[in-house]
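Engineer: Handing you this structure, nothing more for now.
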Amino acid sequence: MISEPVTKLLVAQVAHELDAHQTYMGIALHFERESLRGWAKLFHDQATEEAGHAAKIMAFLLENGVAFSLPRVGGAPTTYATARAAVETALASEQRVTGQFNALAQAARDAGDHRSFQFLGWFIEEQVEEERTMGALLDLIDSGVNLFQAEGLLEGVVGE
Ligand SMILES: [Fe+2]
Ligand SMILES: [Fe+2]
4 MISEPVTKLL
14 VAQVAHELDA
24 HQTYMGIALH
34 FERESLRGWA
44 KLFHDQATEE
54 AGHAAKIMAF
64 LLENGVAFSL
74 PRVGGAPTTY
84 ATARAAVETA
94 LASEQRVTGQ
104 FNALAQAARD
114 AGDHRSFQFL
124 GWFIEEQVEE
134 ERTMGALLDL
144 IDSGVNLFQA
154 EGLLEGVVGE
């Protein structure tokens, strides 16, 4: 059994992950419009990862016999004023998600829900990489490099 407060937060987190999926799809489309296909691919891949995070949480809920409805997802823009504005949005989204997982871990701890607490560890670790990636992309943009020329550098900056 997983605890009631954690269950509620996990269902809400499914929506947050799908929100992040939409945000990244929107950013990918922004870069497609600018013919920056390497940047677009990076954010498209990131969007796929976020959908995977939602799926991972849904699987955990299912394994634990939790009945739930899928929560509503909020939508996202597909244009940004600048590449920097798009990546800033991504970083802010990651920081928000980190806060959500901290709150989830705290709730699991408070409820003595060790099963959920252990499950959440994977996400807490994942957020370190996610925030680092978006910060590194901002550093790349702030270096003043041409965004087309920067496409060859994306793999090195993002790592993995
Ligand atoms: Fe995520
Ligand atoms: Fe993420």
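Residue numbers 4 to 163, in the working numbering, belong to the letters of the sequence shown in order.
Ideal Cβ positions, reconstructed from N, Cα and C, are used throughout, including at glycine.
Go ahead and pull the three-state DSSP assignment for Leu39.
Structural biologist: Here the question's residue 39 lines up with position 36 in the sequence shown. Leu39: coil per DSSP, three-state reduction.
Engineer: Report, in whole angstroms, the separation of the C-beta atoms of Val90 and Leu156, which I expect to be a contact under 8 angstroms.
Structural biologist: Stepping through the sequence shown from its first residue, residue 90 is reached at position 87. Stepping through the sequence shown from its first residue, residue 156 is reached at position 153. Actually they are not in contact, since the Cβ atoms of Val90 and Leu156 sit about 14 angstroms apart, beyond 8 angstroms.
Engineer: Is Ala18 near ligand 1, judged by its Cβ being under 7 angstroms from some heavy atom?
Structural biologist: Within the sequence shown, numbered from 1, the residue matching residue 18 stands at position 15. Not so, every heavy atom of ligand 1 lies at least 7 angstroms from the Cβ.
Engineer: For the region 132 to 151 against the region 103 to 121, are there 3 or more C-beta pairs whose distance is under 8 angstroms?
Structural biologist: The region 132 to 151 vs the region 103 to 121: no contact.
Engineer: For the alpha helix (DSSP H) that contains Glu133, what are its first and last residues?
Structural biologist: Translated into positions along the sequence shown, residue 133 becomes position 130. Here the alpha helix (DSSP H) through Glu133 covers His117 to Asp145.
Engineer: Return yes when at least one heavy atom of ligand 2 lies under 7 angstroms from the C-beta of Val100, else no.
Structural biologist: Translated into the one-based positions of the sequence shown, residue 100 becomes position 97. Flag set: Cβ of Val100 near ligand 2.
Engineer: Rounded to the nearest angstrom, how far is the Cβ of Ala23 from that of Ala31, given a contact under 8 angstroms?
Structural biologist: Here residue 23 corresponds to residue number 20 of the sequence shown, with the count starting at 1. Here residue 31 corresponds to residue number 28 of the sequence shown, with the count starting at 1. With 8 angstroms as the limit, Ala23 and Ala31 do not qualify as a contact, their Cβ atoms being about 13 angstroms apart.
Engineer: Identify the continuous alpha helix (DSSP H) that holds Asn149 and give its terminal residues.
Structural biologist: If you number the sequence shown from 1, residue 149 lands on position 146. Counting along the chain, Asn149 falls outside any alpha helix (DSSP H), and DSSP gives it neither H nor E.
Engineer: With distances taken from CA atoms, which of Gly102, Pro80, Ser119 and Glu97 is nearest Met61?
Structural biologist: Sequence index remark: in the sequence shown, residue 61 carries index 58 (1-based). If we check each option's Cα against that of Met61, Ser119 comes out closest.
Engineer: Restricting to Cα atoms, I'd like to know which of Gly55, Ser6, Leu39 and Phe34 is closest to Glu129.
Structural biologist: Within the sequence shown, numbered from 1, the residue matching residue 129 stands at position 126. The option with the nearest alpha carbon to Glu129 is Gly55.
Engineer: Going along the chain, which residues of its own chain have a beta-carbon closer than 6 angstroms to the beta-carbon of Ala94, five neighbours each way excluded?
Structural biologist: As a working note, residue 94 is residue 91 in the sequence shown. Here residue 94 is Leu; the residue named in the question, Ala, does not match the sequence. Result list for Leu94: Met137, in chain order.
Engineer: Check whether the region 65 to 83 touches the region 32 to 41, taking contact to mean three or more Cβ pairs, one atom from each stretch, closer than 8 angstroms.
Structural biologist: A contact exists between the region 65 to 83 and the region 32 to 41.
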